[in-house]
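Novice: One structure follows; several queries about it will come next.
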């Protein structure tokens, strides 16, 4: 990292800054990909143009994953107020920090259609690295964000609203049919989506404790569910629905923008 002559100017990151330590930091499938092993590329000469097209698409996917990982690191650096070298040292300081880093970048790189999650994960990474008291919640949020995409976020967003009243019944929360009426495009898949949210501890059925026999399931946000949708709003700028997305994101220090070049993360994903 080079330091500018003007102390008010942010430091810049050279393309090779993170390549070596990032590869060593991550584990599992991410580390395997970082090793450079690509059996598809090896077989290309034997299978002709079809496989070559597959390789091109695979490379594009790889580049997109790398870009999302870079964006997450940029957000973490900016939010924390520390430089990339300090972030690297913190990641390498313990196995726990390395694991948090690996989980966050894996979640970011494999994001499908919830771009705000990439920014939210940057906040989670900064929180876990620089606030020891919040490390456990950072790990939890990283795991939770791994499991959700745009449909899950829209359900969580809907559950922030007051449930429609049901004649003759107390309003304990949203019924499945009410959610379908609100989100008709999810009519055929609302149940499995809710199942994922329940298993992640983001929503619950309050009627279970009330032992209301014969009543349909009702769904409300848990504390973790509220934290998750709020994180998508404040950190990621999620703007669908009724919550106030204009609130500024919480920071852990002086905001400082450091641009990490995508090429510096080559081999990460």
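In the numbering used here, the protein residues as written are 842 to 1110.
By construction, the Cβ of each residue, glycine as well, lies at the ideal position given by its N, Cα and C atoms.
Treat the numbers as computed from the prediction; the structure is a model and nothing was measured.
1) Are the region 910-926 and the region 964-975 in contact at 8 angstroms, needing three or more beta carbon pairs?
2) Return the CA-CA distance between residue 877 and residue 1046, expressed in angstroms with no decimal places.
3) Identify, in the order they occur along the chain, each residue of the same chain with its Cβ nearer than 8 angstroms to the Cβ of residue 1042, setting aside the five sequence neighbours on each side.
4) Between residue 1025 and the ligand ZN, is there a pair consisting of the residue's CB and a ligand heavy atom that are separated by less than 7 angstroms?
5) With contact counted as at least three CB pairs below 8 angstroms, one residue from each stretch, are the region 998-1006 and the region 947-960 in contact?
6) Which residues share a DSSP beta bridge with residue 1062?
7) Just grab the DSSP bridge partners of residue 1015 for me.
8) Less than 8 angstroms between the beta carbons of residue 1027 and residue 1059, yes or no?
9) For residue 1011 and residue 1061, what's the separation of their Cα atoms in angstroms?
10) In chain order, what residues of the same chain have a beta carbon less than 6 angstroms from the beta carbon of residue 1020, not counting five sequence neighbours either side?
11) Reducing DSSP to helix, strand and coil, say where residue 1031 ends up.
12) Buried or exposed: which applies to residue 992, given that a residue is buried once 16 or more other Cβ atoms fall within 10 Å of its Cβ?
13) Throw me the rounded Cβ distance for the residue 1049 and residue 1035 pair, which I believe falls under 8 angstroms.
14) Write down the C-beta distance between residue 1073 and residue 958 rounded to the nearest angstrom, noting that I regard them as a contact closer than 8 angstroms.
15) Distance check for residue 1029 and residue 1008, CA to CA, integer angstroms please.
16) For residue 915, does the count of other Cβ atoms within 10 angstroms reach 16, so buried, or fall short, so exposed?
Specialist: Let me lay it out:
1) yes
2) With a pLDDT of 48 at residue 877, under the threshold of 50, the modelled position of that residue is not reliable, and the figure given next carries that caveat. Their backbone Cα atoms lie some 46 angstroms apart in a straight line.
3) 985, 1063, 1065 and 1066
4) With respect to small molecules bound, the structure shown includes none, and the ligand ZN cannot be examined in it.
5) no
6) 1044
7) 1060
8) no
9) 14 angstroms
10) 1031
11) helix
12) buried
13) About 14 angstroms; that fails the 8 angstroms criterion.
14) 7 angstroms
15) 25 angstroms
16) buried
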